[in-house]
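I have placed the structure first, in the form of structure tokens, so that the comments after it can refer back to it.
Protein chains: 2
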Amino acid sequence: MLDLALLGLLEEGPEHGYELRKRLRTQFGLLANVSFGSIYPALSRLETNGSVETVEGGSPVALAPPTGSLSGEWAAMRARRRAGTRGRRSRKVYRITTAGREFFLTLLSDSTADDARSFSLRLAFARHMPPEARLALLERRRAQLVQHLTEVVTADDPELDIYARSVAEHTAEGVEQDIAWLDRLIKAERAATDASAPPNRRKTRRSA
Amino acid sequence: MLDLALLGLLEEGPEHGYELRKRLRTQFGLLANVSFGSIYPALSRLETNGSVETVEGGSPVALAPPTGSLSGEWAAMRARRRAGTRGRRSRKVYRITTAGREFFLTLLSDSTADDARSFSLRLAFARHMPPEARLALLERRRAQLVQHLTEVVTADDPELDIYARSVAEHTAEGVEQDIAWLDRLIKAERAATDASAPPNRRKTRRSA
DNA sequence: GAGAACTATATCGAATCGATATAGCGATGC
DNA sequence: GCATCGCTATATCGATTCGATATAGTTCTC
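In structure tokens:
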């Protein structure tokens, strides 16, 4: 889960742990409210398995200086220059490797994890998928949600008091809205596919 | 988290692990899609700290025989009688203790965990809370969601591609609907409080 | 009566969480 | 001046949770 998120962000350029966490929180909101206790071990993991490498003398300033933290950046660089690598704790900037990109695509298409967080994360990175995979992802998720609705207690369960019932109702509504959203996305995806590869009007013979 | 959920279910009567998991999945849906690898250690934990105790010769049939699993219940009892406690693996039914009820109320009012799952779980058990605590829970959650909306990237971020943007939009909509839902609950809660304790029409002097 | 499907408990390693430690820096304030 | 607060930044620890797997009895099906 985290590996996918981190590699996805590192696809856009080298970054360090602290900033990666901030971006996870702002870009993915409640879906990726992840702690440092997960981030740093995950980055070490990815480094030892060769998916990322640390940027040694690179200038991280060139990558994320959107005004404001500039002074901080400069200070960090100055401090590093002053103290060398000895004793001083400074940034560890990670860059994705070729192997890391392959691993990222593997994780992206690997459909074992089926919870809401994994799904949203994968969808957010859907631009890296082939169109069929995008459609498959959306439809798989849709099927899961429909299935879920049938398995869960409905709000007319006489056992529930008003609070439990309200939670059940609200959850069910949320799922229904998710399904409607997925339907819109699926439709848009189909339209895009048809537009880019308009098939013959006549029926095409299919091998399967 | 799990402790709260398990104790909450056991408040309604003794139950065994397998059934507790089923009820968590059906009653709390996606919010408590928990695995056995969490359930059984959690029950052991609760047993060693005295919150629950195993029911030895109790008749579990009296508690959950809503037609259908009756034969299973009977079979389990027969098997237990046949084999005694030796070798045979049968049900371990847990019952909440007085200490467990206290612990449950502590967990319920302890407001450290602030994620969506904890909140929904607490709200589902809100009948066990005093009215002020219910209101406080709802308002705390509302404030968190409002705060969240301000911190997260909005859909008009030019950096995002259509997929990431769609996820961000949909998430934000979900949060807004959650807030609206909370507003309805807060209103209802206030109305209930006023109705049960209608204050004097005239202004009452307040100590704080 | 063999095998599939369901009920039921348990355990293992890995991932994740939440808290805490450490440390440099800038700003605030008196 | 210098004390302290808050922010950036990395790291580690114990506890919790997850996901997979093992085990075993029961019930259904063919």
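Chains R and L, in that order, are what the protein sequence lines are.
Just so you know, my numbering puts 128 at position 128 of the first sequence, and the rest follows in order with no gaps.
Take any residue in the second sequence, note its place counting from 1, add 1000, and you have its number in my numbering.
All C-beta atoms, glycine included, are put in the ideal place defined by N, C-alpha and C.
Computed from a predicted model, the values in this text were never measured in an experiment.
Would you list the one or two residues that DSSP bridges to arginine 1095/L? Translated into positions along the second sequence, residue 1095/L becomes position 95. Answer by DSSP bridge pairing, in chain order: Glu1053/L.
I need the boundaries of the alpha helix (DSSP H) containing proline 1131/L, first residue and last residue. Position 131 of the second sequence, counting from 1, holds the residue named residue 1131/L. Run containing proline 1131/L: 1131–1151, per the alpha helix (DSSP H) assignment.
Output, in chain order, the set of chain L residues within a Cβ distance shorter than 7 Å of glutamate 151/R. Along the first sequence, one-based indexing puts residue 151/R at 151. Result: Thr1026.
Buried or exposed by the 16-neighbour rule on C-beta atoms within 10 Å, applied to threonine 85/R: For this step, residue 85/R is matched to residue 85 along the first sequence. Bear in mind that the predicted position of threonine 85/R carries a pLDDT of just 34, short of 50, making it unreliable; the figure below should be weighed with that in mind. It counts as exposed.
State yes or no: is the beta carbon of glycine 100/R nearer than 7 Å to at least one beta carbon in chain L? The residue given as residue 100/R occupies position 100 in the first sequence. Cβ-Cβ to chain L under 7 Å: no for glycine 100/R.
Going along chain L, which residues have a C-beta under 7 Å from glycine 29/R? Position 29 of the first sequence, counting from 1, holds the residue named residue 29/R. Residues of chain L passing the Cβ test: His1148, Val1152, Thr1171.
Please compile the residues from chain R whose C-beta is within a distance smaller than 8 Å of the C-beta of leucine 1185/L. By one-based count along the second sequence, residue 1185/L stands at place 185. Simply Ser166.
For asparagine 49/R, which of Gly100/R, Glu15/R, Leu31/R has the nearest alpha-carbon? Position 49 of the first sequence, counting from 1, holds the residue named residue 49/R. Minimum Cα distance to asparagine 49/R is reached at Gly100/R.
On the three-pair Cβ rule with 8 Å, is the region 1134–1143 of chain L touching the region 178–186 of chain R? no
With a threshold of 8 Å, are at least 3 pairs of Cβ atoms found where one atom belongs to the region 22–41 of chain R and the other to the region 1145–1163 of chain L? yes
So, for alanine 172/R: in the same chain, excluding its five sequence neighbours on each side, which residues have a beta-carbon less than 8 Å away from its beta-carbon? Position 172 of the first sequence, counted from the start, is the residue given in the question as residue 172/R. Within the same chain, alanine 172/R has close Cβ partners Leu149, Val152, Thr154, Ala155.
What are the boundary residues of the alpha helix (DSSP H) that aspartate 178/R is part of? Locating residue 178/R in the first sequence gives position 178, counting from the first residue. Taken as a continuous stretch (DSSP letters only), the alpha helix (DSSP H) holding aspartate 178/R covers 162–196.
In whole angstroms, what is the alpha-carbon distance linking isoleucine 39/R and histidine 1016/L? Against the first sequence, residue 39/R aligns to sequence position 39. Against the second sequence, residue 1016/L aligns to sequence position 16. For isoleucine 39/R and histidine 1016/L, the distance between alpha carbons rounds to 37 Å.
Coil, strand or helix - glutamate 1019/L by DSSP: Counting from 1 along the second sequence, the entry for residue 1019/L is found at position 19. Helix at glutamate 1019/L.
Using the beta-carbon count (16 or more within 10 Å), is alanine 113/R buried or exposed? Within the first sequence, numbered from 1, the residue matching residue 113/R stands at position 113. It is exposed - the Cβ of alanine 113/R has fewer than 16 other Cβ atoms within 10 Å.
Out of curiosity, what's the CA-to-CA distance linking tyrosine 163/R and alanine 1126/L? Along the first sequence, read from residue 1 onward, the residue named residue 163/R stands at position 163. Along the second sequence, read from residue 1 onward, the residue named residue 1126/L stands at position 126. Cα to Cα, the separation comes out at about 6 Å.
How would you list, in chain order, the residues of chain L whose beta-carbon sits under 7 Å from the beta-carbon of glycine 174/R? Translated into the one-based positions of the first sequence, residue 174/R becomes position 174. Neighbours of glycine 174/R on chain L, chain order: Gly1174.
Are the C-beta of arginine 127/R and some C-beta of chain L separated by less than 7 Å? Locating residue 127/R in the first sequence gives position 127, where the first residue counts as 1. Yes, because at least one Cβ of chain L sits closer than 7 Å to the Cβ of arginine 127/R.
Contacts that tyrosine 1163/L makes with chain R (C-beta to C-beta distance below 7 Å): By 1-based counting over the second sequence, the position of residue 1163/L is 163. Neighbours of tyrosine 1163/L on chain R, chain order: Leu123, Ala124, Ala126, Arg127.
Is the separation between the beta-carbon of valine 146/R and that of serine 1120/L shorter than 7 Å? Here residue 146/R refers to the residue found at position 146 of the first sequence. Here residue 1120/L refers to the residue found at position 120 of the second sequence. In this structure, serine 1120/L does not lie closer than 7 Å to valine 146/R by Cβ.
Over the uninterrupted alpha helix (DSSP H) stretch that includes glycine 29/R, give me the two end residues. Within the first sequence, numbered from 1, the residue matching residue 29/R stands at position 29. Unbroken run through glycine 29/R: none, as it is neither H nor E.
For alanine 1005/L, three-class secondary structure by DSSP: Numbered from 1 along the second sequence, position 5 holds the residue referred to as residue 1005/L. Helix at alanine 1005/L.
Beta-carbon spacing of leucine 46/R, arginine 23/R below 7 Å: As a position in the first sequence, residue 46/R is number 46, starting the count at 1. As a position in the first sequence, residue 23/R is number 23, starting the count at 1. No, they are not a contact pair.
Is the beta carbon of leucine 1006/L sitting closer than 7 Å to the one on alanine 1032/L? For the purposes of this step, residue 1006/L is taken as the residue at position 6 of the second sequence. For the purposes of this step, residue 1032/L is taken as the residue at position 32 of the second sequence. No, they are not a contact pair.
Does any C-beta atom of chain R lie closer than 7 Å to the C-beta of serine 1109/L? Against the second sequence, residue 1109/L aligns to sequence position 109. Not an interface residue.
Is there a C-beta anywhere in chain L that falls below 7 Å from the one on serine 209/R? In the structure displayed, chain R extends from 1 to 208; residue 209/R sits before or after that span and is not available.
Please confirm if proline 65/R has its CB atom under 7 Å from at least one CB of chain L. On the first sequence, position 65 is the one that residue 65/R refers to. At proline 65/R, the pLDDT of 37 sits below 50, so the modelled position is not reliable; the number obtained from the coordinates is stated separately. Not one chain L Cβ lies under 7 Å of proline 65/R.
Starting from glutamate 47/R and walking both ways along the alpha helix (DSSP H), at which residues does that stretch end? Indexing the first sequence from 1 puts residue 47/R at position 47. It spans 36–48 - the alpha helix (DSSP H) in which glutamate 47/R sits, taken as one unbroken run.
Going by the beta-carbon positions, is the gap between arginine 95/R and valine 55/R smaller than 7 Å? Within the first sequence, numbered from 1, the residue matching residue 95/R stands at position 95. Within the first sequence, numbered from 1, the residue matching residue 55/R stands at position 55. Their beta carbons are under 7 Å apart, which means arginine 95/R touches valine 55/R by this criterion.
Enclosing alpha helix (DSSP H) for phenylalanine 125/R [first to last residue]: Locating residue 125/R in the first sequence gives position 125, counting from the first residue. Note, phenylalanine 125/R: premise wrong, no alpha helix (DSSP H); not H, not E.
Keeping to the same chain, check which residues put their C-beta closer than 6 Å to that of proline 131/R; ignore five residues upstream and five downstream. Counting from 1 along the first sequence, the entry for residue 131/R is found at position 131. Same-chain partners within the cutoff: Thr193.
Within 10 angstroms of its Cβ, does glutamate 102/R collect 16 or more other Cβ (buried), or is it exposed? One-based indexing of the first sequence puts residue 102/R at position 102. Exposed.
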